[in-house]
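Just so we're aligned, residue 14 is where the sequence shown starts under my numbering, counting upward by one. Yeah, the Cβ is synthetic: ideal placement off N, Cα and C, and Gly gets one too.
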Amino acid sequence: MTILVIAASPDAACDDVLARHPGADVHRLDVAAAGKLLVGLERLRATHAVLTGAQFDALRKHPAFDLADLDALDTVYLVGDPATPSGAAPRFAVEVLSTPAATPDLSNGAVANDAERLLAGTDYAAGIAAAEALSHAALRSMLDGLVRVGAFQRSGEALIANEVLERVNAHATQRNLLRRWLRVLTAEGLLRREGDTYRVPAESVAGEMAPDWSQVEHLWRAAGDTTQTLRFARDASAELPALIDGRTQAVHLLFPEGDTRLARAVYRESVAARYQHAAVATCVAQIARRRGGQRLRVLEVGGGTGATTDRVLPLLDGYDVDYLFTDVSRFFTQQVAQHHPGLRTGLYDIDRSAEDQGHVPSSFDVVVAGGVLNAARDTDASLRWLASLLADDGWLVISEPTREEYWVMASQAFMLAEPDDERAASQSTFLSHAQWLDALRGAGLEPVVDLPHPDHPLSPLGHRVFAARPAVRT
Numbered sequence: 014m015t016i017l018v019i020a021a022s023p024d025a026a027c028d029d030v031l032a033r034h035p036g037a038d039v040h041r042l043d044v045a046a047a048g049k050l051l052v053g054l055e056r057l058r059a060t061h062a063v064l065t066g067a068q069f070d071a072l073r074k075h076p077a078f079d080l081a082d083l084d085a086l087d088t089v090y091l092v093g094d095p096a097t098p099s100g101a102a103p104r105f106a107v108e109v110l111s112t113p114a115a116t117p118d119l120s121n122g123a124v125a126n127d128a129e130r131l132l133a134g135t136d137y138a139a140g141i142a143a144a145e146a147l148s149h150a151a152l153r154s155m156l157d158g159l160v161r162v163g164a165f166q167r168s169g170e171a172l173i174a175n176e177v178l179e180r181v182n183a184h185a186t187q188r189n190l191l192r193r194w195l196r197v198l199t200a201e202g203l204l205r206r207e208g209d210t211y212r213v214p215a216e217s218v219a220g221e222m223a224p225d226w227s228q229v230e231h232l233w234r235a236a237g238d239t240t241q242t243l244r245f246a247r248d249a250s251a252e253l254p255a256l257i258d259g260r261t262q263a264v265h266l267l268f269p270e271g272d273t274r275l276a277r278a279v280y281r282e283s284v285a286a287r288y289q290h291a292a293v294a295t296c297v298a299q300i301a302r303r304r305g306g307q308r309l310r311v312l313e314v315g316g317g318t319g320a321t322t323d324r325v326l327p328l329l330d331g332y333d334v335d336y337l338f339t340d341v342s343r344f345f346t347q348q349v350a351q352h353h354p355g356l357r358t359g360l361y362d363i364d365r366s367a368e369d370q371g372h373v374p375s376s377f378d379v380v381v382a383g384g385v386l387n388a389a390r391d392t393d394a395s396l397r398w399l400a401s402l403l404a405d406d407g408w409l410v411i412s413e414p415t416r417e418e419y420w421v422m423a424s425q426a427f428m429l430a431e432p433d434d435e436r437a438a439s440q441s442t443f444l445s446h447a448q449w450l451d452a453l454r455g456a457g458l459e460p461v462v463d464l465p466h467p468d469h470p471l472s473p474l475g476h477r478v479f480a481a482r483p484a485v486r487t
């Protein structure tokens, strides 16, 4: 077996070594003293090692070097230094690797490949089946919820939208959401529209619309997912009458008694969420790798429970990074600080100007926004404010849904403020793929990474990852 020890700071040359030795047992040693490095190589029975020239030179000058048991060591790769240290190396080969010049460029292909490596073994087909089952259950929950609070109770009853809203005693803040329900229920065939009226099709029985949650749970377990998302969707379904008229707040279902464990699972466990977190983390790691050792200044906004953070930070280990985690609420910054001691945290409101919040223009190399901009009142304004924080060669990396997510419409959507952007005009919960591309360009950014690829199994689910940089002004 190949036992690869990496003591040099990560860079593209290290990646080249890893590519040469697929399946290697990899160990990273963060030690400064040559003696400790020597002990590590000996103890691990390393067959290959990645060192800097300075590390190798110090190693060879150590008094115990000639006595150390390094018989297993086949090759030492040197990175980050222009030449091999003077003198012949005994017992093993030495190869000097060239470190590619720093480049700010990302590519769809490179990010996609690295993300797939992080997700090795994921059963996409099972995950998609589970997601589709949850969507179907959510649709049935919507209609069942309307029936339970007074709509469509008589066979063949036809109601205009305002009559539905009056029958169900819709709270003023939820009326537009319920109009979107009527639209998607019609599009999916659970309601029929005739002129301005809606009715339940004759072949359906409105009172039998409650979803079969046991079947959904079976598919989620088959996908290897935990079932906390399902629990939240099921609890929201049971509470729809109170959510509709405002007696219950969805935030209390997602954070029962202020407990974040349910929310942490909801934002992590689905196959779409796992893909998005992996792709965002890969983007940021590749940007760090291409900076040639320069410090990377990262701002994460709307970090929430840290679902994106948890994926990004491990991939930045070994790089010179100043990472600022922010959210609109100290509740979340304090929670995440407990999981990541030493992480710098602060407040950021996506609905306010960055400058008004004390942030200096052009002060970050990367801004990360994982699944938060759909909660902005005005996406265009929020994007412009974030773009103003980017250095000339900076990157905005975001993940967002780009199609209606039915289980979200029947749960988390009750938490969202009414938008004042393209979503209001299109009466949709989320911007479409095309609208996101337009919004990024409207903020002076040029999309470079847009994943997953159209032929990827997850593409139909509509969960996207974008990486965009300031457009070149001509």
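Span of the beta strand (DSSP E) holding residue i?
i, result
"Tyr332", "Note, Tyr332: premise wrong, no beta strand (DSSP E); not H, not E."
"Phe105", "Taken as a continuous stretch (DSSP letters only), Phe105 belongs to no beta strand (DSSP E), as it is neither H nor E."
"Gly407", "Leu403 to Pro414"
"Asp378", "Phe377 to Gly383"
"Tyr211", "Thr210 to Arg212"
"Glu313", "Leu309 to Val314"
"Ala438", "Here Ala438 belongs to no beta strand (DSSP E); instead the alpha helix (DSSP H) covers Glu435 to Ser439."
"Asp463", "Leu458 to Leu464"
"Ala174", "Here Ala174 belongs to no beta strand (DSSP E); instead the alpha helix (DSSP H) covers Ala174 to Arg180."
"His352", "Segment Arg343 to His352 is the alpha helix (DSSP H) holding His352; no beta strand (DSSP E) there."
"Arg481", "Here residue 481 turns out to be Ala, not Arg, going by the sequence shown. His476 to Pro483 is the extent of the beta strand (DSSP E) around Ala481."
Look at residue i and residue j and say whether their C-beta atoms are less than 8 Å apart.
i, j, result
"Ala37", "Ala59", "no"
"Val297", "Leu328", "yes"
"Ala128", "Thr392", "no"
"Ala320", "His352", "no"
"Pro214", "Arg206", "no"
"Asp136", "Ala292", "no"
"Leu386", "Ile363", "yes"
"Leu119", "Gln347", "no"
"Leu337", "Gly359", "yes"
"Asn126", "His466", "no"
"Val177", "Met422", "no"
Please work out which residues of its chain come closer than 6 Å, Cβ to Cβ, to residue i, disregarding the five sequence neighbours upstream and downstream, and give them in chain order.
i, result
"Glu55", "Ala81 and Asp82"
"Tyr419", "Ser148, Ala151 and Leu152"
"Asp333", "Arg308"
"Arg416", "Gly475"
"Ala133", "none"
"Val381", "Glu313 and Val410"
"Thr487", "In this prediction, Thr487 has a pLDDT of 44, which is less than 50 and means its spatial position is unreliable; what the coordinates show is noted afterwards. Result list for Thr487: empty, nothing under 6 Å."
Measuring CA to CA, which of the options is closest to residue i?
i, options, result
"Ile16", "Ala46, Ala47, Arg33 and Leu57", "Leu57"
"Gly384", "Gly259, Gly237, Phe443 and Asp468", "Phe443"
"Gly331", "Val177, Gln307 and Phe338", "Gln307"
"Leu275", "Arg304, Arg287, Thr240 and Gly355", "Thr240"
"Arg153", "Arg188, Val229 and Thr135", "Val229"
"Phe344", "Ala426, Thr273 and Gly305", "Thr273"
"His231", "Ser168, Ala200 and Glu145", "Glu145"
"Asp70", "Thr88, Ala47, Asp79 and His61", "Ala47"
"Val89", "Gln440, Gly317 and Thr65", "Thr65"
"Val107", "Gly317, His61 and Lys74", "His61"
"Asp335", "Val349, Gly169, Asp323 and Arg357", "Arg357"
"Asp5", "Gly208, Ala484 and Leu243", "Because the chain here runs from 14 to 487, residue 5 falls outside it and cannot be looked at."
"Glu459", "Met155, Pro470, Ala484 and Pro473", "Ala484"
"Ala426", "Ala389, Arg130 and Arg33", "Ala389"
"Thr322", "Gly305, Arg277 and Arg302", "Arg277"
"Ser168", "Pro269, Val63, Asp87 and Arg212", "Arg212"
"Arg304", "Val279, Met222, Leu267 and Gly407", "Gly407"
Beta carbon of residue i: closer than 7 Å to some heavy atom of the ligand ATP?
i, result
"Thr65", "With respect to the ligand ATP, the structure offers nothing, as it holds no ligand at all."
Less than 8 Å between C-beta atoms, sequence neighbours within five positions excluded: which residues of the same chain meet that for residue i?
i, result
"Asn182", "Val162, Gly163, Ile257 and Asp258"
"Tyr361", "Leu312, Val314, Gly315, Thr339, Asp340, Val341, Ala367, Gln370 and His372"
"His75", "Ala47, Gly48 and Leu51"
"Arg454", "Pro460 and Ala484"
"Glu179", "none"
Please list the terminal residues of the continuous alpha helix (DSSP H) segment that includes residue i.
i, result
"His149", "Tyr137 to Arg161"
"Leu253", "Leu253 to Asp258"
"Ala447", "His446 to Gly455"
"Ala301", "Val284 to Arg302"
"Arg357", "Premise fails: Arg357 lies in the beta strand (DSSP E), Arg357 to Leu360, not in any alpha helix (DSSP H)."
"Phe69", "Gly66 to Lys74"
"Thr392", "Thr392 to Ala400"
Excluding the 5 residues preceding and the 5 following residue i in the sequence, name in chain order all residues of the same chain whose CB lies nearer than 7 Å to its CB.
i, result
"Ser227", "none"
"Pro254", "Gly158, Arg161 and Val162"
query = Is the segment 367-379 in contact with the segment 297-314, if contact means three or more CB pairs nearer than 8 Å?
reply = Yes: the two stretches touch, three or more of their Cβ pairs being nearer than 8 Å.
inquiry  = Using 8 Å as the cut-off, can you tell me whether the segment 364-374 makes contact with the segment 390-410, which would need three or more C-beta pairs spanning the two stretches below that distance?
reply    = By the Cβ rule, the segment 364-374 counts as touching the segment 390-410, because three or more pairs are nearer than 8 Å.
The segment 262-271 contacting the segment 237-249, beta-carbon criterion three pairs below 8 Å = By the criterion of at least three beta-carbon pairs nearer than 8 Å, the segment 262-271 is in contact with the segment 237-249.
ask   = With contact counted as at least three CB pairs below 8 Å, one residue from each stretch, are the segment 474-484 and the segment 408-423 in contact?
value = Because the criterion of three Cβ pairs below 8 Å is met, the segment 474-484 and the segment 408-423 touch.
request  = Evaluate contact between the segment 176-195 and the segment 276-286, counting only Cβ atoms and requiring at least three cross-stretch pairs below 8 Å.
outcome  = no
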